[in-house]
Amino acid sequence: MKVLVAGGAGFIGSTIVSACLDDGIVPVVLDNLCTGRIEFTRDRIFYQGDIADGALVDRIFAEHPDIDAVVHAAALIVVPESVEQPLRYYRENVAKSVDLVEHVVRNGCRRLLFSSSAAIYRPSDDFSVDETSGLDPLSPYARTKAMMESILADAAAATDLRVLSLRYFNPIGADPELRTGLQLRQPSHALGKIITAYENDEEFLITGVDWPTRDGSGIRDYIHVWDLARAHVQALRRFDAVLPADGAHSHEVINLGTGDGTTVRELVTAFQSVAGRPLRVGETGPRPGDSAGTYTRIDKAGRLLDWKPEFTVAEGIRHSLQWAEIRDTRLTAS
């Protein structure tokens, strides 16, 4: 099997590429390196360019006519930034994705795996969700993901395209073999900020302490990025079983997570246990676009993909710290 991975030089995309290689799937990487890293494409089939570049997508399919599926993991993902720059996010995550889908369909590819987000859900009273839960995207970033799912469902209904949307939660960790990891020196998510504070002996600020959770801090489903990548591989391997070409449905949604929620305070406690020394912690108000959070029930992923997470939050923290130690030696220009 050969697959085109759009966004395959980013944190999640490059990990998906590694998991594909380990499973005998040949990945072809397309990335404009806006946030991706050229180092993550080493020894991999790589095309540098934009997903909206029809001529480039045509060239990729002409040079690799045996591409069986497309994994779409190309997107901007920073929630506060999306609040400040909504038009940029709608252009990059929606308009250009529509162009990509048109190019994919024109080239005769009928399988698309979309990396979506759990940020589109409306939290329930206990903060758990499943694929039938209501949607209420609270940020421009989340709305771009919800919008693309609607667009893809309409495209699948009108064409021969079949789409699996994987709604996933908060990825942590790194490739356990440390081939790739989070490329940003100062990431915006909770664990990244914890590590930055730990490295610089600074105070970590919990953003939002009045949420209706068990301890007032936001609750998230911290899934190890390698478990996430394995789920994408399983979805590729089982694509036709989940969405048969002659079936009644052409679009399916599957949640990926740990099946359990971890609050930010609990994440801090777990980090201190792994790191072996205390972390200075402060409190402040929520960031623009923040929400109390959710975690997912994962019965459907187990049933359709024969998948379940293998790594704990502590192991995700440990791999994140290991990657942070070597990051600057792996990335030549930060």
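Residue numbers (the numbering used here): 435 to 768.
Each residue gets a CB set at the ideal place from its N, CA and C atoms; glycine is no exception.
Keep in mind it's a predicted model, so treat the numbers as computed, not measured.
ask   = Looking at the structure shown, is Ala576 part of a helix, part of a strand, or coil, going by DSSP?
value = One-based indexing of the sequence shown puts residue 576 at position 142. In this structure, DSSP gives Ala576 a helical state, which the three-state scheme calls helix.
query = Apart from the five residues just before and just after Arg596, which ones in its own chain have a Cβ nearer than 8 Å to its Cβ?
reply = Numbered from 1 along the sequence shown, position 162 holds the residue referred to as residue 596. The answer, listed in chain order, is Arg544, Arg545, Leu546, Ala590, Phe673, Leu677, Ala679, Ser684, His685.
task = Taking the CB atoms as reference points, tell me whether Thr728 and Ser562 lie closer together than 8 Å.
result = As a working note, residue 728 is residue 294 in the sequence shown. As a working note, residue 562 is residue 128 in the sequence shown. Yes, the pair counts as a contact, with Cβ atoms nearer than the cut-off.
inquiry  = Using a 10 Å radius around the Cβ and a threshold of 16 neighbouring Cβ atoms, would you call Asp762 buried or exposed?
reply    = For the purposes of this step, residue 762 is taken as residue 328 along the sequence shown, with counting starting at 1. By the 10 Å Cβ count, Asp762 comes out exposed.
task = List the endpoints of the continuous beta strand (DSSP E) containing Pro605.
result = For the purposes of this step, residue 605 is taken as the residue at position 171 of the sequence shown. Annotation: the continuous beta strand (DSSP E) that includes Pro605 extends over 604-606.
key: Contact under 8 Å by Cβ, Trp757 with Arg664   = For the purposes of this step, residue 757 is identified with residue 323 of the sequence shown, where counting begins at 1. For the purposes of this step, residue 664 is identified with residue 230 of the sequence shown, where counting begins at 1. No, the pair does not count as a contact, with Cβ atoms beyond the cut-off.
request  = Express the C-alpha separation of Glu611 and Tyr778 in angstroms, rounding to a whole number.
outcome  = Examination of residue 778 is not possible in this model, given that the chain is present from 435 through 768 alone.
request  = Use the C-beta contact count for Cys454: other C-beta atoms within 10 angstroms, 16 or more gives buried, fewer gives exposed.
outcome  = Numbered from 1 along the sequence shown, position 20 holds the residue referred to as residue 454. When all chains shown are included, Cys454 counts as buried.
inquiry  = Tell me whether the region 744-760 and the region 612-627 touch, counting them as touching only if at least three CB pairs, one residue from each stretch, are closer than 8 Å.
reply    = Touching, yes, given that three or more Cβ pairs across the two stretches are closer than 8 Å.
request  = Under 8 Å Cβ to Cβ from Leu713, same chain only, skipping five residues before and after it: list those, please.
outcome  = If you number the sequence shown from 1, residue 713 lands on position 279. The residues are Ile628, Ala631, Tyr632, Phe638, Val702, Phe705, Gln706.
Alpha-carbon spacing of Asp806 relative to Gly650, whole angstroms = Residue 806 lies beyond the range of the chain shown here (435 to 768); nothing can be said about it.
request  = Output the distance between the C-alpha atoms of Thr641 and Ser622, rounded to the nearest integer angstrom.
outcome  = Taking the first residue of the sequence shown as 1, we reach residue 641 at position 207. Taking the first residue of the sequence shown as 1, we reach residue 622 at position 188. Across the structure, Thr641 and Ser622 are spaced so that their CA atoms are roughly 11 Å apart.
key: Integer-rounded CB distance, given that Ala669 should sit under 8 Å from Leu598   = The count along the sequence shown starts at 1 and reaches residue 598 at position 164. The count along the sequence shown starts at 1 and reaches residue 669 at position 235. Cβ-Cβ separation between Leu598 and Ala669: approximately 5 Å, consistent with a contact (criterion under 8 Å).
ask   = His658 bridges to which residues according to DSSP?
value = Walking along the sequence shown from the start, residue 658 turns up at place 224. According to DSSP, which records beta bridges pairwise, His658 is partnered with Ile606.
Other residues of its chain near Glu473: CB distance less than 7 Å, five sequence neighbours each side excluded = On the sequence shown, position 39 is the one that residue 473 refers to. Same-chain partners within the cutoff: Arg764, Leu765, Thr766.
ask   = With distances taken from CA atoms, which of Thr578, Val687, Tyr575, Asp733 is nearest Leu600?
value = Against the sequence shown, residue 600 aligns to sequence position 166. For Leu600, the nearest C-alpha among the options comes from Val687.
message = Using only the alpha-carbon positions, how far apart do Gln519 and Glu583 sit?
response = One-based indexing of the sequence shown puts residue 519 at position 85. One-based indexing of the sequence shown puts residue 583 at position 149. Cα to Cα, the separation comes out at about 21 Å.
key: As assigned by DSSP and simplified to three states, the class of Phe673   = For the purposes of this step, residue 673 is taken as the residue at position 239 of the sequence shown. Note: Phe673 maps to helix in three-state DSSP.
ask   = Is DSSP giving Ser768 helix, strand or coil here?
value = One-based indexing of the sequence shown puts residue 768 at position 334. With a pLDDT of 48 at Ser768, under the threshold of 50, the predicted position of this residue should be treated as unreliable, though the coordinate-derived value follows. In this structure, Ser768 counts as coil in the three-state DSSP scheme.
Endpoints, the alpha helix (DSSP H) within which Ala440 is located = Translated into the one-based positions of the sequence shown, residue 440 becomes position 6. That residue, Ala440, is in no alpha helix (DSSP H); its beta strand (DSSP E) goes 436-440.
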